[in-house]
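Engineer:
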Amino acid sequence: MKEPVRTWDVAARLNDAPLGALHWLVLALTFAVAATDGLDAQIIGFTAPQIAAEFGIGNDRLGPVFSAALLGMTAGALLFGTLGDRFGRRRTMIACVALFGGGTLLTAFAGSVTQLMLLRLVTGLGLGGALPNAVTLVAECAPGKHRPLLVTLMYIGFFVGGLLGGVIAGSLVVDHGWRVMFYVGGGLPLALSLLLLALLPESPQYLARRAGAGGQLSGLLARLDPAGAYGAHDRYTLPEASSRADVGELFRHRRVRNTVLLWLAFFINLLVLFFLMNWLPKLLVDGGVPLAQAIRVTVMFNVGGVLGALVLAWLSARHNPRRMLAAFFALGAIAIMAIGLGDGRFAPVAAACFATGLFAGAAQVGLYPIATQVYPSAVRATGVGWAQAWGRIGSIFGPLAGGWLAVLEPRFAIYFLVFGAPLLVAAAAIAAMRDA
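Below is the structure:
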């Protein structure tokens, strides 16, 4: 007898599924993507003092060097977020990982400032596209009640990558020069891209919108939700599925307010964080702090980011997530201003950097679960990609503004007063968002 054709609501089945081995595999692989992304995004800050010395670059010219990769990240977030909706999260993310790995490796051979900037620009394209697709893939595989936690755990990888980068830089850069850091930062994601090709599944919600993918989707759903008897010829639906994946969808169906406020929060926070990650080691070295100690200060920021993200995830599961996120932004503003009070001394600056990671760094992690909840599946990667793109625009201006400010030769504390205050605006933006 012929098996009856059943109809399955893919989103509903995934929402109610128990956590299983495949969920943890997807989390582990995307965590590794975020870690290599974080390492390669922060690598220029670890190596900036030696790069500046080798090429004879003053602080007024370092801003564009820092911002080259960030300009690429902005374009990459826009381009690859949309491509992820159209061609799949998996293949798009793997291409991005290979791109930023190759770009980072080639940067080790840069012979001039111009070559360095061009290679960082190419690297940035991959860096900007990887995380929006990783976030979306995790969100679309995860059970509903576990989704915010899994997205948060994945993005913690960014800070773990920065932490590992600082440890590696502290061990290698001082003795062997800045180029060795780019060998490591390029080789790791290239190796990871091969592992992703072998092990990473596609998003089930993407497959549900793709004609002729029933066989692949049924096998994947059977692993994510063993309770369902899925067949290759069954009918798979998504209630909100749409053929459109353009930016205009982000402003339809009463999404305007949340979209604008989300973009504002991303813009401000990445402006501030990338100023810190790029400029802090250089400012400390200029103030007489040894390079190894300056790198350790940046490591403390990443340690704080890891712990803060876990604390924020725990609090968000028990209280209103937006209120918790707004509070973290406000506390982050205070922590950044406190960096300036340390006046370049290692211990107080390291403590304030830890607090900055704990609050402002964790707040960036907390933005992603909110972004995935604001938009339906059909435009989710586009929505996350555009939000991150606005963040990347902010991240471009952060290092540039640091260079413009450096021309005025202000006191150490002024940098952190100027860059701490905008986080209060980000706190207000998150507090003003509507529940999705």
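If you're matching positions, the sequence shown starts at 148 in this note's numbering and goes up one per residue. The beta carbon of each residue, even a glycine, is placed where N, CA and C say it ideally should be.
#1: Find the nearest neighbour of A560 within the set I517, L571, I481 and A578, judged by alpha-carbon distance.
#2: I'd like the list of long-range same chain contacts for L169, defined as Cβ closer than 6 angstroms, with 5 residues on each side in sequence excluded.
#3: Specify, as a first and last residue, the run of the alpha helix (DSSP H) that L483 falls within.
#4: May I ask which residues mark the beginning and end of the alpha helix (DSSP H) holding L161?
#5: Once the 5 residues before and after G564 are set aside, which same chain residues still bring their CB inside 8 angstroms of it?
#6: Less than 8 angstroms between C-beta atoms, sequence neighbours within five positions excluded: which residues of the same chain meet that for G203?
#7: Which one of F306, R160, T229 and G276 has the shortest CA to CA distance from G395?
#8: Secondary structure at H170, three-state DSSP: helix, strand or coil?
#9: In whole angstroms, what is the alpha-carbon distance linking F448 and L225?
#10: Taking all protein chains shown into account, do 16 or more other C-beta atoms lie within 10 angstroms of the C-beta of P165, making it buried, or fewer, making it exposed?
#11: What is the rounded straight-line gap between the Cα of R233 and the Cα of G291?
#12: Excluding sequence positions up to five away, which residues of its chain have a Cβ less than 7 angstroms from the Cβ of V450?
#13: Leaving out five residues before and five after V458 in sequence, what residues of the same chain have Cβ atoms less than 8 angstroms from its Cβ?
#14: Cα-Cα, which of V446, G185 and W461 is closest to F493?
#15: Quick check on the DSSP output: the alpha helix (DSSP H) that includes W426 runs from which residue to which?
#16: Under a three-way DSSP split, which group does Y400 fall into?
#17: What three-state label does DSSP hand Y522 in the structure shown?
#18: Going by C-alpha distance, which of L278, A277, E287 and L253 is nearest R267?
#19: Nearest by alpha-carbon distance to R443: which of L454, V554, P373 and G192 is it?
#20: For G210, count neighbouring C-beta atoms within 10 Å of its own C-beta (all shown protein chains included) and say buried if the count is 16 or more, exposed if not.
#21: I need the DSSP call for W325, collapsed to helix, strand or coil.
#22: Whole angstroms are fine: how far does the CA of E556 sit from the CA of A548?
#23: When the distance is taken between beta carbons, is T519 closer than 8 angstroms to V298?
#24: Considering only residues of the region 273–334, which uninterrupted alpha helix (DSSP H) runs meet the minimum length of 4 residues and lie entirely inside it, listed in chain order?
#25: What residue range does the alpha helix (DSSP H) around M240 cover?
#26: According to DSSP, simplified to helix, strand and coil, what is V531?
#27: Is it true that the CB of G276 sits closer than 8 angstroms to the CB of I190?
#28: With DSSP run on the structure shown, which of helix, strand or coil describes V436?
Structural biologist: If we stick to the structure as given:
#1: Cα-wise, what sits closest to A560 is I481.
#2: In chain order, R370 and L371 place their CB closer than 6 angstroms to the CB of L169, counting only its own chain and leaving out the 5 sequence neighbours on each side.
#3: It is Ile, not Leu, that sits at residue 483 in the sequence shown. Judged by DSSP secondary structure, I483 falls within the alpha helix (DSSP H) whose first and last residues are P468 to L488.
#4: Segment V157 to D163, the alpha helix (DSSP H) holding L161.
#5: It is Leu, not Gly, that sits at residue 564 in the sequence shown. Excluding its 5 nearest sequence neighbours in each direction, L564 has C-beta neighbours in its own chain below 8 angstroms: M484 and G487, listed in chain order.
#6: Annotation for G203: no residue places its beta carbon closer than 8 angstroms to its own, counting only its chain and skipping 5 residues before and after.
#7: If we check each option's Cα against that of G395, T229 comes out closest.
#8: Helix, per DSSP.
#9: Roughly 28 angstroms between the two C-alpha positions.
#10: With fewer than 16 other Cβ atoms from the protein chains shown falling within 10 Å of its own Cβ, P165 counts as exposed.
#11: Whole-angstrom Cα-Cα distance: 23 angstroms.
#12: Closer than 7 angstroms at the Cβ level, and outside the excluded window around V450, lie L310, F501 and G504.
#13: Sequence-distant Cβ neighbours of V458 in its own chain, meaning closer than 8 angstroms and more than five residues away, are L505 and A509.
#14: Measuring from the Cα of F493, the nearest candidate turns out to be V446.
#15: V403 to D433 is the extent of the alpha helix (DSSP H) around W426.
#16: The sequence shown places His at residue 400, rather than the Tyr named in the question. The DSSP-derived three-state label of H400 is coil.
#17: Per DSSP, reduced to three states, the secondary structure at Y522 is coil, with no helix or strand assignment.
#18: Answer by Cα proximity: L253.
#19: Closest by C-alpha distance to R443, out of L454, V554, P373 and G192, is G192.
#20: The residue is buried, with at least 16 neighbouring Cβ atoms inside 10 Å.
#21: Here W325 carries a coil assignment [DSSP, helix/strand/coil].
#22: For A548 and E556, the distance between alpha carbons rounds to 13 angstroms.
#23: Cβ atoms of V298 and T519: closer than 8 angstroms.
#24: Those alpha helix (DSSP H) runs which fall completely within the region 273–334 and span 4+ residues are 294–323.
#25: Residues R236 to T254.
#26: V531 falls in the helix class under three-state DSSP.
#27: No, these two residues do not count as a Cβ contact at 8 angstroms.
#28: Coil at V436, not helix or strand.
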